[in-house]
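Colleague: So that we are looking at the same thing, I have put the structure below in structure tokens.
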Amino acid sequence: MTDKSIGTHVLRCDETHLKNIRDIFNEAILQT
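For the sequence shown, the UniProt record's numbering assigns the number 1 to the initial residue and increments by one for each residue that follows.
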């Protein structure tokens with residue numbers, strides 16, 4: 001049960017992290 005919650009937490013962090021990376025990537029493209 002603990003493993004499952006940790007996995008969900010990691011996935012959630014990954015989602016926000018990927019979102020931030022995408023935002024930065026889009027900004028870089030716009031600047032070029």
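All C-beta atoms, glycine included, are put in the ideal place defined by N, C-alpha and C. Quick caveat: nothing in here was measured; it's all calculated off a predicted structure.
Grouping DSSP H, G and I as helix and E and B as strand, with all else coil, what is Thr32?
Modeller: DSSP places Thr32 in coil when its eight states are reduced to three.
Colleague: If you draw a straight line from the alpha carbon of Asp14 to that of Phe25, how long is it in whole angstroms?
Modeller: Straight-line Cα distance between these residues: approximately 16 angstroms.
Colleague: Just the Cα atoms here: how many angstroms apart are Glu27 and Lys4?
Modeller: Between Glu27 and Lys4, the C-alpha separation is close to 35 angstroms.
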